[in-house]
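Student:
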Ligand code: FRU
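Written out as structure tokens, the structure reads:
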């Protein structure tokens with residue numbers, strides 16, 4: 413039975429969606445059907461299609477009591493909205509249906525596991541939040557909350573773990589048909605940890621072990637874990653709150669980390685070998701991964717950052733929040749690589765190619781412009797053994813605005829700067845990454861949608877992502893070299 417709260421949310425979505433003209437949305441990045449979006453949830457294949465749920469407040473372009481929005485796709489680029497899947501309509505989730513994940517049950521139904529948030533009265537008028545893990549079962553459109561909810565409560569936590577910070581279960585069906593859930597938690601020392609719970613059937617769960625401990629090394633609470641095998645390694649993704657910046661290795665604030673190591677399916681003993689930031693730009697958080705039918709591990713993140721969420725009065729758009737482009741992952745030399753899903757190539761329209769044997773100063777081309785673009789740039793010193801001071805690509809440019817991607821080979825630092833991107837706020841404007849560019853040779857692939865730029869460096873060794881509020885008429889692209897460079901540019905318009 414669909415609750416009144418869910419029926420109201422669905423009716424509102426259907427009605428309010430009509431007042432959001434298609435041209436005011438990102439063209440191929442998923443945005444909320446109405447209102448607000450944060451984390452991707454339940455990213456998975458079901459019934460022959462990709463399902464992507466998301467943290468959703470339908471009624472306003474700001475965070476509110478969380479629902480689960482829902483969209484489906486065949487290619488991860490064209491999305492079709494379905495009615496909201498979950499609403500906060502039970503005592504155990506009345507303060508919100510927080511993030512979670514999805515998988516198919518052996519009987520063909522779809523299982524969702526999410527965090528139910530409720531409030532409990534403590535002393536006098538004081539209330540405190542309680543987070544528990546809950547289930548819903550459905551057919552890909554309608555979901556019924558499980559009568560045994562919540563299935564994991566504070567009673568299931570190891571000693572010292574917080575009852576307040578216990579959220580974002582990512583479920584995985586193991587090779588033997590049993591189930592794992594990786595859940596974000598906060599240990600007694602206030603630091604994040606990832607707990608592993610186990611189930612024989614997806615419904616009855618027990619605590620198995622602490623999978624990974626932060627020990628206050630990388631930020632505090634670890635949100636939205638994912639854990640999977642890739643290219644012979646195991647990869648743990650988590651999104652820490654309150655990161656202290658560490659040189660150019662980790663930006664401060666909210667970011668996503670990736671720990672790469674080994675793990676045995678039997679003991680689930682994770683041995684970390686390396687760690688890195690997942691995105692060195694400004695807007696990327698809480699990603700989830702899914703497998704494609706041909707075996708690719710694809711990741712989608714919330715293309716936003718809690719540290720840069722603009723106050724509602726600054727938002728000139730009728731929606732808030734968008735997902736990143738889906739990214740194919742691989743592990744090479746102990747690092748996570750990301751490239752835009754290859755399906756994007758099917759959106760490529762007009763192609764323009766230009767090569768400069770040698771130039772310094774500023775160059776632009778009449779057929780290289782636009783705000784929906786797939787732009788590849790290769791640059792190197794014009795002379796063998798030579799160098800240059802700085803090379804920049806300016807995007808979304810007009811006389812007032814631009815967003816720049818600048819490389820200084822002397823330091824091997826790539827900087828993304830959206831200081832002139834139309835934002836009235838004073839949020840984070842600039843981020844840098846150290847890249848490995850041998851003798852000033854650099855490859856950039858830049859994916860632009862109406863409100864974003866995602867910069868993939870050297871075949872995906874680093875990615876820098878930023879949302880942009882630049883007026884759409886600012887569609888210039890130009891290249892600036894301080895010193896003599898050789899450059900090749902290939903630009904495709906993206907048609908959707
Ligand atoms: C991460 C997060 C999750 C939580 C959700 C609430 O962005 O804080 O930990 O489940 O957002 O909307």
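Numbering (the numbering used here), first residue to last: 413 to 908.
Using N, Cα and C, we set each Cβ at its ideal position, and we do this for glycine too.
#1: Does the distance between the C-beta of residue 450 and the nearest non-hydrogen atom of the ligand FRU fall short of 7 Å?
#2: According to the neighbour-count rule (16 or more other Cβ atoms, all chains shown, within 10 Å of its Cβ), is residue 679 buried or exposed?
#3: Does DSSP classify residue 630 as helix, strand or coil?
#4: Starting from residue 507 and walking both ways along the alpha helix (DSSP H), at which residues does that stretch end?
#5: Name the two residues that bound the continuous beta strand (DSSP E) containing residue 541.
#6: Taking 7 Å as the limit between beta carbons, can you name the residues of its chain near residue 437, skipping five residues before and five after?
#7: Grab me the residues of residue 472's own chain with a C-beta within less than 6 Å of its C-beta, minus the 5 sequence neighbours each way, in chain order.
#8: Consult DSSP for residue 823 and reduce its assignment to one of helix, strand or coil.
#9: Beta-carbon separation of residue 633 and residue 604 under 8 Å?
#10: Going by the CB atoms, is the gap between residue 511 and residue 561 shorter than 8 Å?
#11: I need the straight-line Cα distance from residue 533 to residue 888, nearest angstrom please.
#12: With respect to 7 Å, is the separation between the Cβ of residue 466 and the closest non-hydrogen atom of the ligand FRU below this value?
#13: Where residue 837 and residue 716 are concerned, what is the direct C-alpha to C-alpha distance, given to the nearest angstrom?
#14: Heavy atom of the ligand FRU less than 7 Å from the Cβ of residue 830, yes or no?
#15: Based on Cα-Cα distance, which residue from 761, 531, 518 and 549 lies nearest to residue 413?
#16: Following a CB-centred definition, is residue 691 positioned closer than 7 Å to any heavy atom of the ligand FRU?
#17: Please list the terminal residues of the continuous beta strand (DSSP E) segment that includes residue 426.
#18: If you measure between the beta carbons of residue 685 and residue 672, is that distance less than 8 Å?
#19: Among 424, 871 and 624, which residue has its Cα nearest to the Cα of residue 744?
#20: Less than 8 Å between the beta carbons of residue 663 and residue 697, yes or no?
#21: Please return the same chain residues whose Cβ sits closer than 7 Å to the Cβ of residue 574, not counting the five positions on each side in sequence.
#22: If you reduce the DSSP assignment to three classes, tell me which class residue 701 lands in.
#23: I'd like to know whether the C-beta atoms of residue 695 and residue 882 end up nearer to each other than 8 Å.
#24: Please find out if some non-hydrogen atom of the ligand FRU comes closer than 7 Å to the beta-carbon of residue 574.
#25: Among 661, 628, 675 and 656, which one has its Cα closest to the Cα of residue 648?
#26: Please tell me whether residue 449 and residue 466 are closer than 8 Å, where the distance is taken between their beta carbons.
#27: Leaving out five residues on either side along the sequence, give the residues of the same chain with a beta carbon under 6 Å from the beta carbon of residue 766.
#28: Any heavy atom of the ligand FRU closer than 7 Å to the beta-carbon of residue 474?
#29: Could you check what DSSP says for residue 856 in three-state terms: helix, strand or coil?
#30: Quick check: what's the CA-CA separation for residue 587 versus residue 642?
#31: Could you give the distance in angstroms between the alpha-carbon of residue 592 and the alpha-carbon of residue 903?
#32: If you count every other CB in all the chains shown that lies within 10 Å of the CB of residue 829, and 16 or more means buried, which is it?
#33: Between residue 471 and the ligand GTP, is the CB less than 7 Å from at least one heavy atom?
#34: Is any heavy atom in the ligand FRU found nearer than 7 Å to the beta carbon of residue 544?
#35: Could you have a look at residue 568 and say whether DSSP puts it in helix, strand or coil?
#36: What residue does the beta strand (DSSP E) around residue 618 start on, and which one ends it?
Tutor: Taking the structure as given:
#1: Yes, since a heavy atom of the ligand FRU falls inside the 7 Å radius drawn around the Cβ of residue 450.
#2: Counting Cβ neighbours within 10 Å, residue 679 comes out exposed, since fewer than 16 surround it.
#3: Secondary structure at residue 630: coil, using DSSP grouped into helix, strand and coil.
#4: Counted as a single uninterrupted DSSP element, the stretch harbouring residue 507 is not any alpha helix (DSSP H), since DSSP gives it neither H nor E.
#5: Unbroken beta strand (DSSP E) run through residue 541: 539-550.
#6: Taken in chain order, the residues that qualify are 443 and 731.
#7: So the list reads 447, once near-sequence residues are dropped.
#8: In this structure, residue 823 counts as coil in the three-state DSSP scheme.
#9: Annotated as proximal: residue 633 and residue 604, with beta-carbon spacing under 8 Å.
#10: Taking the C-beta atoms as reference points, residue 511 is found no nearer than 8 Å to residue 561.
#11: Counting only the Cα atoms, residue 888 lies some 56 Å from residue 533.
#12: It does not: the Cβ of residue 466 is nowhere closer than 7 Å to a heavy atom of the ligand FRU.
#13: C-alpha of residue 837 to C-alpha of residue 716: approximately 15 Å in a straight line.
#14: It does not: the Cβ of residue 830 is nowhere closer than 7 Å to a heavy atom of the ligand FRU.
#15: With distances taken between Cα atoms, residue 413 lies closest to 549.
#16: For the ligand FRU, not one heavy atom lies less than 7 Å from the Cβ of residue 691.
#17: Not the beta strand (DSSP E): residue 426 falls in the alpha helix (DSSP H), residues 416-428.
#18: With respect to the 8 Å criterion, residue 685 and residue 672 are classified as neighbours on the basis of their beta carbons.
#19: When only C-alpha atoms are compared, the closest one is 871.
#20: At the C-beta level, residue 663 and residue 697 stay beyond 8 Å of one another.
#21: So the qualifying residues of the chain are 597 and 598.
#22: Reduced to three states, the DSSP call for residue 701 is strand.
#23: The answer is no: Cβ separation not under 8 Å.
#24: No.
#25: In this structure, 675 is the residue among 661, 628, 675 and 656 with its C-alpha nearest to the C-alpha of residue 648.
#26: Taking C-beta atoms as the reference points, residue 449 and residue 466 count as a pair closer than 8 Å.
#27: Result list for residue 766: 777 and 901, in chain order.
#28: No, Cβ of residue 474 sits at least 7 Å from all heavy atoms of the ligand FRU.
#29: Here residue 856 carries a strand assignment [DSSP, helix/strand/coil].
#30: Spanning the two alpha carbons is a distance of roughly 15 Å.
#31: When rounded, the separation of the alpha-carbon atoms in residue 592 and residue 903 is 44 Å.
#32: Within a 10 Å sphere around the beta-carbon of residue 829 sit 16 or more other beta-carbons, which makes this residue buried.
#33: You won't find the ligand GTP in this model; what it holds is the ligand FRU.
#34: No, the ligand FRU has no heavy atom inside 7 Å of this Cβ.
#35: The answer is helix: DSSP assigns residue 568 an H, G or I state.
#36: It spans 617-625 - the beta strand (DSSP E) in which residue 618 sits, taken as one unbroken run.
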